[in-house]
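Protein chains: 2
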Amino acid sequence: MTTRKYEQRLRAESAEETRRRILDAVCQRLRAAPADPVSIDQVARMARVSRSTIYQAFGSRAGLFSALGADLLDRGGFGSMLQAAAHPDAREGLRGGIRGVVGMYAANRDVLRALNSMAQLDAAAVGGAVQKMDQGRASGMAAQARRLDEQGFLRADVTVDTATDLLFMLTSFDSFDLLCTGRGLPASKAAELLAMAAERSLCR
Amino acid sequence: MTTRKYEQRLRAESAEETRRRILDAVCQRLRAAPADPVSIDQVARMARVSRSTIYQAFGSRAGLFSALGADLLDRGGFGSMLQAAAHPDAREGLRGGIRGVVGMYAANRDVLRALNSMAQLDAAAVGGAVQKMDQGRASGMAAQARRLDEQGFLRADVTVDTATDLLFMLTSFDSFDLLCTGRGLPASKAAELLAMAAERSLCR
DNA sequence: ATTTCAGAATACAGACTGTATTTCGTAAGT
DNA sequence: ACTTACGAAATACAGTCTGTATTCTGAAAT
């Protein structure tokens, strides 16, 4: 039998909708009990979907969490953060960039913590989503450090490489989480503290 | 039948020895493949011990990892670190303390990373060992901040609380790991960078 | 009317945890 | 010498996961 052409608009829409429902269920599940392990079965029940549907939509557990990570990259405010970091004044860009990432971290705290930990504990369980985020941040911070240097803000004894390393550390999710979850600071205070540490460590 | 008194010296020794062998096997396993999940079965085979022996010795998977955490607290150089931090000059103590924790982190990197991540992802899977370490560090850093303040090293616009928060973050395993594993710095460079950030952020 | 596809339902293999239960060997007590 | 206690191995089993395969249904597209 010959294959037919199919447009399937409504079909694809509904498929996309259940994908969304599943991803939302994972988030919901993580927020409800961030310190408990997540089973596909739980997620399926919360999304009111059969477990097999999750495998059909995402291929595997790793695929599900990988998709979750990719989703955060799209919709988590990563773009607006990069925009804030591109301020003509590099020092302002530094502050804005830090406020931006912190805001994004705060909005997705439990999800990011889970993805981060999973990536550490079982590299196959996340499928590169976390590496991609870290890599993006690394090159962003390298650019930031270069701009600080070009505009003469960097201290004489601080190389661009060193500045990149420190910024990479200070803008990590872990740094944010240690201050907010670990020390109970509100996100705004954490951002202020991180920006302060970055400026005093790197700038004249 | 009446119960007899038993001294069992050699017995207890051999039991302690197998406990050690099991704990060493976990470490070895984690170092061999830090990003792969750890099964009790693997550990048992590496320690050349029956799987049931592990349950008898540690009660559960959580008990095993909890014991591993406690073991690190004992033998991981925590004491010498606290000693270095107690230098009469608070500023010297700060530097020494940071070098101390970094050395300890570097010596047990993979094990600590795994314990950390497990604690995040499944609180029941570690059994409080990580919380205890963090708590100890928190009070240590609070003391450190107080001493800096008492000796007049703290900047006018930095409170003791703020200093504690920042020190807690900078002396975390995550900060170390981001610089060493994430950025490829040698441990000594990481320690230097962390100490620099702490001093410039907090001190006059 | 017929094809195509999302999704449900179900069954199964395989890995892992955790709990008995039995057995064996040996150090400690009498 | 004989008995007891106990560390450790061996084994079996229940329960929870993941991942795969198979079948069925209903609705949208042609």
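For the record, the sequence lines run as chains A and B. Here the first sequence is numbered in our numbering, starting from 1300 and rising by one per residue. Here the second sequence is numbered in our numbering, starting from 1300 and rising by one per residue. Yeah, the Cβ is synthetic: ideal placement off N, Cα and C, and Gly gets one too. Fair warning: this is a prediction, and the values are worked out from it, not measured in the lab.
Here DSSP, grouped into helix, strand and coil, assigns residue 1484/A to coil.
Residue 1338/B is outside the set of residues whose beta carbon lies under 8 Å from a beta carbon in chain A. The continuous stretches of alpha helix (DSSP H) do not include residue 1348/A, and DSSP gives it neither H nor E. Annotation: residue 1396/A to residue 1349/B spans about 53 Å, alpha carbon to alpha carbon. For the segment 1413-1424 of chain A, residues whose beta-carbon sits nearer than 9 Å to a beta-carbon of chain B comprise 1413, 1415, 1416, 1417, 1418, 1419, 1420, 1421, 1422, 1423 and 1424. With a threshold of 8 Å between beta carbons, residue 1448/A makes no contact with chain B. Beta-bridge analysis with DSSP links residue 1502/A to 1453/A. In this model, residue 1435/A and residue 1372/A are separated by some 10 Å (Cα to Cα). Interface flag for residue 1464/A against chain B is set, since a Cβ pair is found closer than 8 Å. A direct Cα-to-Cα measurement between residue 1336/A and residue 1382/A gives close to 35 Å.
In chain order, 1465, 1496 and 1500 make up the part of chain A whose C-beta sits under 7 Å from the C-beta of residue 1496/B. DSSP places residue 1435/B in the helix class (H, G or I) of the three-state scheme. Counting C-beta pairs closer than 8 Å gives fewer than three between the segment 1357-1369 of chain B and the segment 1433-1448 of chain B, which falls short of the contact rule. By the 16-neighbour rule on beta-carbons within 10 angstroms, residue 1461/B is buried. A direct Cα-Cα distance of roughly 23 Å separates residue 1424/A from residue 1363/B.
Close to residue 1468/A, with beta-carbon spacing below 7 Å, are these residues of chain B in chain order: 1474, 1477 and 1478. Against chain B, the beta carbon of residue 1322/A has no neighbour under 8 Å; the closest one sits roughly 19 Å away. Take residue 1409/A, set aside five residues on each side of it, and the residues of its chain with a beta-carbon closer than 7 Å to its own are 1329, 1330 and 1333, in chain order.
Interface residue (Cβ-Cβ distance to chain B less than 8 Å): residue 1334/A is classified as such. The Cβ neighbour count for residue 1476/B, taken over all protein chains shown within 10 Å, is at least 16; the residue is labelled buried.
Close partners of residue 1482/B in chain A (Cβ separation under 7 Å): 1464 and 1467. With a cutoff of 8 Å on beta-carbon distance, residue 1345/A and residue 1375/A are scored as not near each other. The closest CA to that of residue 1480/B, considering only 1411/A, 1339/A, 1490/A and 1464/A, is found on 1464/A. In this structure, residue 1454/A places its C-beta atom within 8 Å of the C-beta atom of residue 1501/A.
For residue 1461/A, at least one C-beta of chain B is nearer than 8 Å to its own C-beta. Look at residue 1359/A: its C-beta is not under 8 Å from any C-beta on chain B. Among the residues of chain A, those whose CB is under 7 Å from the CB of residue 1471/B are 1477, following chain order.
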